[in-house]
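The block underneath contains the structure these notes are about, expressed in structure tokens.
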């Protein structure tokens, strides 16, 4: 099953649930009511709009501008920034507890968060690889040293997306609704951070395959200096990935709870606080 077919399957399940959620919140806005026919053609419209967005993203990618889907998501996030910034400015200058100086401090902190995030996202651990010399005819091939760039944040934004999706489960349990419905609460953020760290290791293990990297290296006559090809190379790459994934996972966990920290300790409004971390920050940086 290709990605388009799987997307349609997911939308057939998620579309009616999305429309039902809107109907439960604003039933007066639905002219045709909650009939089966309305749910059916509303789901079809959602599927058509999503497939058009996928097609548009693929065209942007084909033109070499960048990852089309990520750019579309980023535009949607950035489009909310002016309104959130203006609302935060108005709240700071119009209330007795706020001030223009505090608003400037918020902007400085946001700038520093962006700079640190860019540095961590671009951070790589270069593993040297030496290729053996080969003489074919009168020409010599190989004998050069190259590097395998292992990213500290190889999982990118996916662990936060997975963790936030699972955070809806505790809210379905009656005894935990109060603790997990407050996004500024301790248990909500603690659980979210732990899930992000766990999913970072899980997703990194899926996309980084030391066994395949070692086999490709051996097939092309390459080896890591001081490390024997084969099993030792696999263990060496796996050890490096485990070590650099730890600070990367802690960083992602901190990014996931930064909006809550900004609201709790800086008094930032919720809509503007989302730009301090979470998926919004990583997608814009990426």
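In the numbering used here, the protein residues as written are 54 to 339.
Even glycine gets a Cβ: it sits at the ideal position worked out from N, Cα and C.
These figures come from a predicted structure and were not determined experimentally.
Task: Host alpha helix (DSSP H) of residue 112 (start-end) - done: 89-115
Task: Endpoints, alpha helix (DSSP H) assigned at residue 212 - done: 211-219
Open item on the list: Can you look up residue 281 in the DSSP assignment and give me helix, strand or coil?
Closed with: coil
TODO: Grab me the residues of residue 69's own chain with a C-beta within less than 7 angstroms of its C-beta, minus the 5 sequence neighbours each way, in chain order.
DONE: 92 and 96
TODO: Please name the residue in 310, 277 and 198 whose C-alpha comes closest to that of residue 238.
DONE: 310
- [ ] Give me the Cα-Cα distance between residue 35 and residue 281, rounded to the nearest whole angstrom.
- [x] With the chain represented from 54 up to 339, any question about residue 35 goes unanswered, as that position is not in the structure.
- [ ] Specify the secondary structure class of residue 323 as computed by DSSP and reduced to three states.
- [x] helix
Task: Where residue 222 sits in the DSSP three-state scheme - done: coil
Open item on the list: Give me, in chain order, the residues of the same chain whose beta-carbon lies closer than 6 angstroms to that of residue 204; leave out the 5 immediate sequence neighbours on both sides.
Closed with: 177
TODO: Alpha carbon to alpha carbon, how far is residue 76 from residue 66? Give it in angstroms, no decimals.
DONE: 16 angstroms
Open item on the list: Can you look up residue 303 in the DSSP assignment and give me helix, strand or coil?
Closed with: helix
TODO: Report yes if the CB atom of residue 315 is closer than 8 angstroms to the CB atom of residue 249, and no otherwise.
DONE: no
Task: Enclosing beta strand (DSSP E) for residue 184 [first to last residue] - done: 177-184
Task: Where the beta strand (DSSP E) containing residue 203 begins and where it ends - done: 198-204
- [ ] Indicate the three-state DSSP secondary structure (helix, strand or coil) for residue 83 in the structure shown.
- [x] coil
Open item on the list: So for residue 330, helix, strand or coil by DSSP?
Closed with: coil
Open item on the list: Quick check on residue 275: does DSSP put it in helix, strand or coil?
Closed with: strand
Task: Spatial distance of residue 109 from residue 152 (CA atoms) - done: 43 angstroms
Task: Buried or exposed (CB count within 10 angstroms, at least 16 for buried), residue 85 - done: exposed
TODO: Using a threshold of 8 angstroms, state whether the C-beta atoms of residue 210 and residue 332 are closer than that.
DONE: yes
Task: DSSP state of residue 119 mapped onto helix, strand, coil - done: coil
Open item on the list: When you measure from the CB of residue 138 to every non-hydrogen atom of the ligand SAH, does any distance come out below 7 angstroms?
Closed with: In the structure on display, the ligand SAH does not appear, and there are no ligands present to speak of.
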